[in-house]
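Visitor: I'd like to ask you about the structure that follows.
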Amino acid sequence: MKILILKFIGFCGVGGAMTLLSMLMIALMNEVFHWNPLFSYIFTYVATLVLSYYLNSKLVFHSSLSWKNMGGYFGTYLSGMILGTLLLRWLCVWFPACNHTLLSYAIIPVTTVWNFIFVHLFLRNRQIKKVPIPEESPDEPY
1 MKILILKFIG FCGVGGAMTL LSMLMIALMN EVFHWNPLFS YIFTYVATLV
51 LSYYLNSKLV FHSSLSWKNM GGYFGTYLSG MILGTLLLRW LCVWFPACNH
101 TLLSYAIIPV TTVWNFIFVH LFLRNRQIKK VPIPEESPDE PY
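Here this note's numbering is used: the first residue of the sequence shown is 1, the next is one more, and so on.
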């Protein structure tokens, strides 16, 4: 359980770093280079998602990089976004007078745990330990 908690802390650390990097990249592309905001957002989202996949694979879960793992990682974040959207819609219906920013923030812990669970499933270290099989000796009877 301790290892799982440490992985969760590492996962949140990578996520926090990627959030700060995203904010910096968007500001740089929009304010300095005057890129189209939609393009800078999409570019930043994809770039930081790829980087977070790499960092989580190597530093947090100690797993190998593969297209299958990356697909699972991307799929997890897509499903987390869908879950968050559905939860936000539900919260807005049930609490219409509540501040929408606060409702959006309330979803962050849910999607963080969701993403961690599924990323852990895709990136956990699945090395199969090979058990040496003793070689048969022709002199030994069965």
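Here a beta-carbon is modelled for each residue, glycine too, at the ideal position from N, C-alpha and C.
What is the rounded straight-line gap between the Cα of residue 112 and the Cα of residue 13?
Guide: 12 Å
Visitor: Using only alpha-carbon positions, find the residue among 95, 40, 32, 76 that is nearest to residue 52.
Guide: 76
Visitor: In this structure, how does DSSP classify residue 35 when only helix, strand and coil are distinguished?
Guide: Residue 35 carries a coil assignment under DSSP once its states are collapsed to helix, strand and coil.
Visitor: Just the Cα atoms here: how many angstroms apart are residue 18 and residue 48?
Guide: 6 Å
Visitor: Does the Cβ-Cβ distance between residue 107 and residue 78 come in under 9 Å?
Guide: no
Visitor: How big is the Cα-Cα spacing for residue 20 and residue 27?
Guide: 11 Å
Visitor: Note down, in chain order, each residue of its chain lying with its Cβ closer than 7 Å to the Cβ of residue 72, except the 5 sequence neighbours on either side.
Guide: 122
Visitor: Thinking just about the alpha-carbon of each residue, which of 2, 3, 124 is nearest to the one in residue 148?
Guide: Residue 148 is absent from the model: the chain starts at 1 and stops at 142.
Visitor: Nearest by alpha-carbon distance to residue 120: which of 57, 95, 109, 105 is it?
Guide: 57
Visitor: Residues in its own chain within less than 7 Å of residue 3 by CB, not counting five upstream and five downstream?
Guide: Taking C-beta separations shorter than 7 Å and ignoring five residues to either side along the sequence, residue 3 has no partners in its chain.
Visitor: Residue 101 by DSSP, collapsed to three states: which one?
Guide: When DSSP states are grouped into helix, strand and coil, residue 101 belongs to the helix group.
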